[in-house]
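Just so it is clear: in the sequence shown, position 106 is 112 by my numbering, and no numbers are missing.
We treat Cβ as the ideally placed atom computed from N, Cα and C, and that holds for glycine.
For reference, the structure discussed in these notes is given below.
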Amino acid sequence: MGPTADAPQTPSLMRRLGALLYDGVLLLGLLMLAILIVIVPYDLIAARPYPHGELLYRALLRGYLLVVIGGFYVYFWTHGGQTLGMRTWRLRVVREDGGPLSIANAVRRFAWAALSLAPAGLGLWWCLVDRDGLAWHDRRSHTRLVIVPRPPPKGR
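Written as structure tokens, this is what we have:
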């Protein structure tokens, strides 16, 4: 059976990439702020430069930044189902049944997305061959992206 007129549409890979690009710009600013929050106090309290080269500090900083990125997505996905990039590209993330994501759903989706994007984005490219247009993390987290219909034009 094909999609009905009422069934939500699955976005194309290009639309997904557009939203990721927009969110990437926002995340770049957020991550710079997050780094400043950690490094500036360290420099002031320790009275020495942040130990960039030490393995433990690099691992802790990367983990912290991953939590910041996860927090960004989990917050937006559980508060309206859209990041700012998704809103621009008229995308929303929903559960398989069409309902909004809980915190557990959003954390699961983020974890699977991180894993599916790690091998050169293969999990995302999968949506080109998937029968329903879903990426690996959509399938594994039991969520999906849908296209938000355009609002009706305002009267003149």
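Self-check item: Contacts around P17, its chain only, beta-carbon distance under 6 Å, and the 5 residues preceding and following it disregarded
Solution: Answer for P17: L97, L151 and I153, listed in chain order.
Quiz prompt | V152 in three-state terms, based on DSSP | solution = Here V152 carries a strand assignment [DSSP, helix/strand/coil].
Quiz item: Assuming C133 and G127 make a contact with CB atoms under 8 Å, what is their CB distance in whole Å?
Solution: Rounded, the Cβ-Cβ distance is 11 Å, inconsistent with contact.
Quiz item: How big is the Cα-Cα spacing for L72 and H143?
Solution: For L72 and H143, the distance between alpha carbons rounds to 17 Å.
Quiz item: For the segment 110-130 against the segment 77-88, are there 3 or more C-beta pairs whose distance is under 8 Å?
Solution: Yes, since at least three Cβ pairs between the segment 110-130 and the segment 77-88 fall closer than 8 Å, the two stretches touch.
Quiz prompt | Status (buried if at least 16 other CB within 10 Å, exposed otherwise) for V99 | solution = Burial call: buried.
Self-check item: Nearest to G24 (by Cα), restricted to the options T89, R68 and R64
Solution: Taking only the C-alpha atoms, the option nearest G24 is T89.
Exercise. Pick helix, strand or coil for V100, following the three-state DSSP scheme.
Key: Three-state result, V100: strand.
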